[in-house]
């Protein structure tokens, strides 16, 4: 069941000295932390905020990204805790006027990589985990993702680079313009413009299900990739991998068509989707999740379905209070957490069944109720390992932002995007904006007709998101506390 509370906030209300606190000083992941805090204390400009943390739940190092583009690392030297000489020389000193911005930092089990806004990539750590860049090195990169054992980079032209343990892209990817890449467990997936999917990586001992050429034994493998390949040629919106199988969601080509859920891999671990899941997801899928050896979805109507190993969330989800009420899904190692429009969160899987609620429900059967103070509700949450981190308050859950509209100028102008409200508060209305405006650069920006007007923006303080923190919650049994960078949040772990 859920237990424990972690508060990442200053020890005193007046505390303002930024520092990183490690919960387990004896962990390899916390090696050289004192030197990092000294660097922050002695040379960090006041206007530069912590913007990101990178680590792997089974790793032994942390990487820190600051708003001025500075990157610091600490932990086990050979697992990403010591930066390469090139990366350290270019990125490890604070400079509020730095023009060489870092867009993203990601980590595998034994290496780290950063993507610069100019499209170049740095990497360091163990070779087998992606610590050495491929040759030729990636250039013009617009996105960088990691899985457990390697990295993948997407260029502006739609090409894909990959490196790390056994990472080789499928030959049919050659010449295809890719629009999106994702990484999970030991697998990668790439999406083309039509929603076609290409996969590569390493599979479990039961079958390399994220190797397009692998053919598994029929007693354990329900379907191989080759069996479902034609179904994955277009319309795929999501792909998820657990340690034994894969699943994809396919949107119909016509408005009144049926959605499909496609699976392959080990039958008992999610590779064979039950008929009740196919029926439940036929009208649409809001959210998908993958644990160690199971999958789950939230249907368009707000119903939850799970399948696969019951000890990983394949069973225990069918509760009467869930019907039609789910809008989100959080994946943990052996469990799932459904976020409900009633302001509650329901967890099920290998750690039992827990309802986080202020409703004081009476008929819960075997479900354990973790009670919140009356009037407070779970409004969002993220997870990593066996830790679920939620934000609580008076509910107002906005939906995802839509795509940005076109720029209203050929030089510099304004563009807008819109969103809907998923959950209104009881007895009131949401104050969250439904429209958002942002600056943009038109097609002639940077030419003689529209010269660049970029200025240093390092004085803008960046916030550290909840998801960034929880992503590092279990690295080498060490939890980072970020003091002086953010306010209060809570998290619950499983016993």
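In my numbering, the protein residues as written are 122 to 616. Ideal Cβ positions, reconstructed from N, Cα and C, are used throughout, including at glycine. Here the structure is a predicted model, which means the values were calculated and not measured.
Practice problem: Have a look at residue 343 and residue 386 and give me their C-alpha separation to the nearest angstrom. | Solution: Note on geometry: alpha-carbon atoms of residue 343 and residue 386 lie some 6 Å from one another.
Quiz prompt | Limits of the beta strand (DSSP E) - the one that residue 501 falls within | solution = Following the DSSP letters along the chain, one finds residue 501 inside the beta strand (DSSP E) bounded by residues 498-505.
Practice problem: Verify whether the separation of the beta carbon atoms of residue 462 and residue 443 is less than 8 Å. | Solution: For residue 462 and residue 443, no; Cβs fall outside 8 Å.
Self-check item: Three-way DSSP call (helix, strand, coil) for residue 519 in this model
Solution: The answer is strand: DSSP assigns residue 519 an E or B state.
Quiz item: CA-CA distance, residue 248 and residue 180?
Solution: For residue 248 and residue 180, the distance between alpha carbons rounds to 14 Å.
Quiz item: Within 10 angstroms of its Cβ, does residue 296 collect 16 or more other Cβ (buried), or is it exposed?
Solution: Residue 296 is exposed by the Cβ-count criterion.
Quiz item: What's the gap between the Cα of residue 270 and the Cα of residue 364?
Solution: So the two alpha carbons sit approximately 13 Å from each other.
Exercise. Give the range of the beta strand (DSSP E) segment to which residue 209 is assigned.
Key: Residue 209: not part of any beta strand (DSSP E); member of the alpha helix (DSSP H) spanning 206-212, first to last residue.
Quiz item: In three-state DSSP terms, what is residue 359?
Solution: Residue 359 falls in the strand class under three-state DSSP.
Quiz item: Going by the CB atoms, is the gap between residue 502 and residue 466 shorter than 8 Å?
Solution: Yes, Cβ-Cβ distance for residue 466 and residue 502 is below 8 Å.
Quiz item: Is the stretch 237-256 close to the stretch 193-205, with three or more CB pairs under 8 Å?
Solution: Taking a cut-off of 8 Å for Cβ pairs, the stretch 237-256 and the stretch 193-205 touch, as three or more such pairs fall below it.
Quiz item: Since residue 157 contacts residue 195 with CB under 8 Å, what's their CB separation in whole angstroms?
Solution: About 5 Å; that satisfies the 8 Å criterion.
Quiz item: residue 300: which of 306, 315, 307 and 288 sits nearest, CA to CA?
Solution: Distance check between residue 300 and each of 306, 315, 307 and 288 places 315 closest, using alpha-carbon atoms only.
Quiz item: Is the CB-CB distance between residue 237 and residue 222 below 8 Å?
Solution: Result yes, Cβ atoms of residue 237 and residue 222 sit closer than 8 Å.
Quiz item: Expressed to the nearest angstrom, what Euclidean distance is found between the alpha-carbon atoms of residue 450 and residue 404?
Solution: Linking residue 450 to residue 404 through their CA atoms gives a straight-line distance of about 18 Å.
Quiz item: Helix or strand or just coil, what does DSSP make of residue 468?
Solution: Residue 468 falls in the strand class under three-state DSSP.
Practice problem: Pick out whichever of 356, 162 and 361 has its Cα sitting closest to the Cα of residue 372. | Solution: Cα-wise, what sits closest to residue 372 is 356.
Quiz item: What residue ranges within the stretch 178-239 form continuous beta strand (DSSP E) runs of no fewer than 3 residues, ordered along the chain?
Solution: Entirely contained in the stretch 178-239, the beta strand (DSSP E) runs reaching 3 residues are, in chain order, 182-187, 192-196, 223-228 and 232-237.
Practice problem: Kindly indicate which three-state DSSP category residue 296 falls into: helix, strand or coil? | Solution: It is coil, neither helix nor strand.
Quiz item: If we ignore side chains and look at the alpha-carbon of each, how far apart do residue 165 and residue 369 end up?
Solution: Distance between the alpha carbons of residue 165 and residue 369: 45 Å.
Exercise. Quick one: residues in its chain with C-beta nearer than 6 Å to the C-beta of residue 349, no 5 flanking neighbours on either side, listed in chain order?
Key: Excluding positions up to five away in sequence, the list reads 383 and 385.
Quiz item: So residue 197 packs on residue 149, CB below 8 Å; how close in whole Å?
Solution: With a Cβ gap of about 4 Å, residue 197 and residue 149 count as contacting.
Quiz item: Under the criterion of a Cβ to heavy atom distance below 7 Å, does residue 452 qualify as lining the ligand SAH?
Solution: In the structure on display, the ligand SAH does not appear, and there are no ligands present to speak of.
Quiz prompt | Segments of 3+ residues assigned as beta strand (DSSP E) that fall wholly inside the stretch 368-423 | solution = DSSP runs (the beta strand (DSSP E)) wholly in the stretch 368-423: 381-387, 406-411 and 415-420.
Quiz prompt | Unbroken beta strand (DSSP E) run spanning residue 272, endpoints | solution = Looking at the DSSP string, the run of the beta strand (DSSP E) that includes residue 272 is 271-276.
Self-check item: residue 141 in three-state terms, based on DSSP
Solution: It is a strand residue.
Exercise. Output yes or no for whether 8 Å exceeds the beta carbon distance between residue 479 and residue 494.
Key: Result yes, Cβ atoms of residue 479 and residue 494 sit closer than 8 Å.
Quiz item: For residue 432, which beta-bridge partners are listed by DSSP?
Solution: Residue 432 pairs with nothing; no bridge assigned.
Self-check item: residue 345, buried or exposed, once every other Cβ within 10 Å from all chains shown has been counted against 16
Solution: So residue 345 counts as buried.
Exercise. Sort 189, 245 and 208 by Cα distance to residue 176 and report the nearest one.
Key: Minimum Cα-Cα distance from residue 176 among the listed residues 189, 245 and 208 corresponds to 245.
Practice problem: Would you mind giving the Cβ-Cβ distance between residue 266 and residue 303, rounded to the nearest angstrom? I have them listed as a contact below 8 Å. | Solution: About 6 Å separates the two Cβ atoms, so the contact holds.
Quiz item: Are the beta-carbon atoms of residue 309 and residue 322 separated by less than 8 Å?
Solution: It is a contact, given that the beta carbons lie within the stated cut-off.
Quiz item: Could you check where the alpha helix (DSSP H) with residue 72 kicks off and where it finishes?
Solution: It is not possible to answer for residue 72, since the shown part of the chain is limited to 122 through 616.
Quiz item: In three-state DSSP terms, what is residue 537?
Solution: Correct three-state label for residue 537: strand.
Exercise. Identify, in the order they occur along the chain, each residue of the same chain with its Cβ nearer than 8 Å to the Cβ of residue 169, setting aside the five sequence neighbours on each side.
Key: So the qualifying residues of the chain are 187, 188, 189, 191, 215, 217 and 579.
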